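In the working numbering, each residue's number is its place in the sequence shown (first place is 1) plus 214. One structure is given below, encoded as structure tokens.
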Amino acid sequence: MNKIRTLFKSPLLTNSGYGSHSRQILKALLSDPIFDVHVDPLQWGICSWETQESELKDTIKKLIEKRMFAKQQNQENWDLFLHCTIPNEFEKLGKVNIGITAGVETDRISHVWVQKCNEMDLVIVPSEHSRKSIVDSVIEWKNEQTGEAGTFKVTAPVSVCHEGFDGNVFKKLNENELSEKVKNMHFESEFNFLTVGQWGNGGFGEDRKNISNLVKYFIEAFLCRKDVGLILKISMAKNSLIDEFHVKRRLSEITARYDKEDLPPIWLLHGYLTEQEMASLYNHPQVKSYITLSNGEGFGIPELESAACELPVIATNWSGHLDFLKKGLFSAVDYELKDIPDAAVWDPILIKGSRWAAVKEDDAKHRMKKMVSSYFKPTEWAKELGKEVRSRFELQFVNQEFLNVIKQCLLKQMVKLSPREDLASYIDTPNDYNVFYSMPMSAGDVYISTAVINGLRKKLPENAKIYFATQEKYKDILKNNPDVYKVIPWNDNLLNVDLLESVFDLALTPNVATHYIFSNWVRKGQYNRLLAEEYANFCRCELGDYFIDKEKIDIELPENYMTFHNTSGKGQWEGRRYEDWQEVLDNLKSLYPELKIVQVGLSDEPEFKNIDVDLRGKLNYQQLAGVIEKSLLHLSPDTFSMHISCSLSVPTVAIFGCSVPQCTGPWVKDKSKAKYILLQSERKTGCFSRPCYKNRCANNPEGNSTINEIPAEEIFKACEKLLKEYEVLNND
Numbered sequence: 215m216n217k218i219r220t221l222f223k224s225p226l227l228t229n230s231g232y233g234s235h236s237r238q239i240l241k242a243l244l245s246d247p248i249f250d251v252h253v254d255p256l257q258w259g260i261c262s263w264e265t266q267e268s269e270l271k272d273t274i275k276k277l278i279e280k281r282m283f284a285k286q287q288n289q290e291n292w293d294l295f296l297h298c299t300i301p302n303e304f305e306k307l308g309k310v311n312i313g314i315t316a317g318v319e320t321d322r323i324s325h326v327w328v329q330k331c332n333e334m335d336l337v338i339v340p341s342e343h344s345r346k347s348i349v350d351s352v353i354e355w356k357n358e359q360t361g362e363a364g365t366f367k368v369t370a371p372v373s374v375c376h377e378g379f380d381g382n383v384f385k386k387l388n389e390n391e392l393s394e395k396v397k398n399m400h401f402e403s404e405f406n407f408l409t410v411g412q413w414g415n416g417g418f419g420e421d422r423k424n425i426s427n428l429v430k431y432f433i434e435a436f437l438c439r440k441d442v443g444l445i446l447k448i449s450m451a452k453n454s455l456i457d458e459f460h461v462k463r464r465l466s467e468i469t470a471r472y473d474k475e476d477l478p479p480i481w482l483l484h485g486y487l488t489e490q491e492m493a494s495l496y497n498h499p500q501v502k503s504y505i506t507l508s509n510g511e512g513f514g515i516p517e518l519e520s521a522a523c524e525l526p527v528i529a530t531n532w533s534g535h536l537d538f539l540k541k542g543l544f545s546a547v548d549y550e551l552k553d554i555p556d557a558a559v560w561d562p563i564l565i566k567g568s569r570w571a572a573v574k575e576d577d578a579k580h581r582m583k584k585m586v587s588s589y590f591k592p593t594e595w596a597k598e599l600g601k602e603v604r605s606r607f608e609l610q611f612v613n614q615e616f617l618n619v620i621k622q623c624l625l626k627q628m629v630k631l632s633p634r635e636d637l638a639s640y641i642d643t644p645n646d647y648n649v650f651y652s653m654p655m656s657a658g659d660v661y662i663s664t665a666v667i668n669g670l671r672k673k674l675p676e677n678a679k680i681y682f683a684t685q686e687k688y689k690d691i692l693k694n695n696p697d698v699y700k701v702i703p704w705n706d707n708l709l710n711v712d713l714l715e716s717v718f719d720l721a722l723t724p725n726v727a728t729h730y731i732f733s734n735w736v737r738k739g740q741y742n743r744l745l746a747e748e749y750a751n752f753c754r755c756e757l758g759d760y761f762i763d764k765e766k767i768d769i770e771l772p773e774n775y776m777t778f779h780n781t782s783g784k785g786q787w788e789g790r791r792y793e794d795w796q797e798v799l800d801n802l803k804s805l806y807p808e809l810k811i812v813q814v815g816l817s818d819e820p821e822f823k824n825i826d827v828d829l830r831g832k833l834n835y836q837q838l839a840g841v842i843e844k845s846l847l848h849l850s851p852d853t854f855s856m857h858i859s860c861s862l863s864v865p866t867v868a869i870f871g872c873s874v875p876q877c878t879g880p881w882v883k884d885k886s887k888a889k890y891i892l893l894q895s896e897r898k899t900g901c902f903s904r905p906c907y908k909n910r911c912a913n914n915p916e917g918n919s920t921i922n923e924i925p926a927e928e929i930f931k932a933c934e935k936l937l938k939e940y941e942v943l944n945n946d
């Protein structure tokens, strides 16, 4: 077997988050004999070195010596170079170079990070939050001499490979299974919150872990109570006595603000604990809840470990830990995104103008009090969350995920993959019933398909896994969809039925069937069944529930607003470009002055007068759904946003041009909740009787597209009717 000569450069021997992650990666590499591993250890800031002897540490020492020998022999021709560090330090030392980073805990990265990421063949991050902060960062530049300006962003592939935990260690333990060291810990308070982390630099409220505010909020929530305590398993950087001294000093600066007699108990645990001792601490009978009010996390290992031990969790409802802290299974603290303080700026890592989450003080205190007063329900959540994380985040699962991503990158960079090898590289459940479903065509079709696969999932075997193939730009519509096991990037090879059947147990390609469906509609004028129903019929299933993981936005919206999406940006259907929107909006403003208009859509869509909030180009798919859900009315041509609004029972007026509502209109599961009016031209020729489904209207190529034959007055009247019918505004 030809082994892959691999150099792994990382802070393997440090007591740090990167050190822990590096040791996990090394275990994954060593589990596969294809990798001939050599190690180059890094220091990590002022963090201490790992001092505990272990079998892994002995292995690391041997791999370091192995690399030193290779260097002496001038044998450093690496097939694969893995560099686990912050991106501004990424190097290229191999034929294939992969940068591994926790990313940044804020919402954007620096231009230096963008440049260095683009030098890599692949960047691996531990969470969707980290991936999003990298791929969404757009850097503006300008040549002062020539006046030339533009933007650049990360174009290298960025993959999420989660961190994990040892399921043999971090689990629910009985009291007699606790380590002796932890078993002998006794706290005067019976109900204790626990937090774990490094107390970073900065003034009060400026440290990223937000420990200073956590202490303050805890004290003020439980003043004069001695039955509720806070356990701080923290340090500033090292496990030294001087470090402990500085932690106690900072802690006393906070507690000194209050009368000593009124203080609730606060316990400091400083110093090293083994994994077994940490698991015992999470399971200590007097430790009742894990809490973090962090401004941001790349991933959040303590949160994951505590969840694996079925300890109820309170956490900021933002950043990396949301990959495993599922909605409804933890106490999510509300927040606002705010610019990081000047003291936290650390160019080029934490940059000025970037934002992180600032928890809302009242909500944090409320959730702490609620955890104490109503403890039974959170323990039920914790049991379910424990099952969830054990099924996805144990080392055996995440290590295999990591190896699959590495091998896929290697194959694509070093050899030309056959289509079958390429497709098979995505499959990590060979013993399950693997199902392929493809829908690459439009955002609306992908969203419709969530109802199809929800219905399909109910018919499939229990061990079925659905692999959904679509274009990269539509991938986020499927984010956190419980019916989708994995998203596969679309390519034309996926039209090959023989290829699909050689890899999957069942292959469903409703996008291919659609070509026949459309040609039949156009040729014969048959368009009396909705696309959603056609897709479900093709898959031999009933339609189920739609799914999109709605996100809140950090822009204050009016109390009463409607959403408007004109879908006339660059590259969008000309046949959907309606010319009289301004008249419609003016009429609505005149009749309903209290109704604010929020414009959504792409950044290059035209701006209109009378718009109160302009969100063009500022929303992802999930945020768009969240904004539409709270609106009193949605107005749009036939598009993705129409399907969203109708599925959320938002009163909707949709207009149709080159398509017709009988086939591309909305499907609603509960007809009694349908709140929409669908408008099209009354002309009995052209696209009314025989829709062309063309970007540019084929039935009226020289004149206005069919959509412009709908009078503005008719659209306004439809809006007025829905606003009155559903009494969303009080207007005489």
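Glycine is no exception: its CB is placed at the ideal position from the N, C-alpha and C atoms. Note that this is a predicted model, so its numbers are computed, not measured.
Check: Same chain, Cβ closer than 7 Å to Y749, five either side skipped, listed in chain order; Outcome: I662, S663, V666 and P724
Check: Beta-carbon proximity of V867 to I929, cut-off 8 Å; Outcome: yes
Check: Cβ contact check for the region 550–565 and the region 587–598: 3 or more pairs under 8 Å; Outcome: no
Check: Reduced DSSP category for H297 - H, G, I as helix; E, B as strand; rest coil; Outcome: strand
Check: Outcome for M776 when other beta-carbon atoms lying within 10 angstroms are tallied against a minimum of 16; Outcome: buried
Check: DSSP three-state assignment for R737, whether helix, strand or coil; Outcome: Any reading at R737 needs caution, since the residue's pLDDT is 47, under 50, leaving its predicted position unreliable; the model's value is listed next. It is helical.
Check: Bridge partner(s) assigned by DSSP for M776; Outcome: I811
Check: Neighbourhood of F366 by C-beta distance below 6 Å, restricted to the same chain and skipping five residues each side; Outcome: I353
Check: Burial state of V812, where buried means 16 or more other Cβ atoms lie within 10 Å; Outcome: buried
Check: Status (buried if at least 16 other CB within 10 Å, exposed otherwise) for L226; Outcome: buried
Check: Contact under 8 Å by Cβ, L539 with V527; Outcome: yes
Check: P703, DSSP secondary structure in three states; Outcome: strand
Check: Burial state of I581 (16 or more Cβ within 10 Å); Outcome: For the record, residue 581 in the displayed sequence is Arg; it is not Ile. By the neighbour-count rule (16 or more Cβ atoms within 10 Å), R581 is buried.
Check: Minimum C-alpha distance to I825 - residue among K395, L809 and S863; Outcome: L809
Check: Distance between N509 and E575 (C-alpha atoms, nearest Å); Outcome: 13 Å
Check: Limits of the unbroken alpha helix (DSSP H) element including I348; Outcome: E342 to V349
Check: Environment of C438 [buried if 16+ CB atoms lie within 10 Å]; Outcome: exposed
Check: Nearest-angstrom beta carbon gap, G317 and M334 [assumed within contact, 8 Å]; Outcome: Not confirmed; about 13 Å, so no contact.
Check: Residue burial classification, T360 (beta-carbon count within 10 angstroms, cutoff 16); Outcome: exposed
Check: Own chain partners of Q622 with C-beta closer than 6 Å, once the 5 adjacent residues on each side are dropped; Outcome: S639
Check: N- and C-terminal bounds of the alpha helix (DSSP H) containing T593; Outcome: F590 to R606
Check: Between the CA atoms of K397 and C331 - distance to the nearest angstrom; Outcome: 46 Å
Check: I726 burial status per 10 Å Cβ neighbour count (16 or more: buried); Outcome: The sequence shown places Val at residue 726, rather than the Ile named in the question. By the neighbour-count rule (16 or more Cβ atoms within 10 Å), V726 is not buried but exposed.
Check: Beta-carbon separation (whole angstroms), V882 vs C860, contact threshold 8 Å; Outcome: 6 Å
Check: Residue burial classification, L446 (beta-carbon count within 10 angstroms, cutoff 16); Outcome: buried
Check: Cβ neighbour criterion (16 or more within 10 Å) applied to C933; Outcome: buried
Check: Nearest residue (CA-CA) to P371, options D380, V337 and S344; Outcome: V337
Check: Exposure label - Y890; buried when at least 16 CB within 10 Å; Outcome: buried
Check: Pairwise C-alpha distance: L816 and L518; Outcome: 37 Å
Check: Distance between I348 and Y835 (C-alpha atoms, nearest Å); Outcome: 17 Å
Check: Per DSSP, the bridge partner or partners of W355; Outcome: G364
Check: Touch test, the region 289–301 against the region 235–246, Cβ-Cβ under 8 Å, three pairs minimum; Outcome: yes
Check: Straight-line Cα distance separating I702 from K687; Outcome: 12 Å
Check: Distance, D350 Cα to F513 Cα; Outcome: 18 Å
Check: Integer-rounded CB distance, given that V442 should sit under 8 Å from F405; Outcome: 5 Å
Check: Exposed unless 16 or more other CB atoms sit within 10 angstroms - verdict on M653; Outcome: buried
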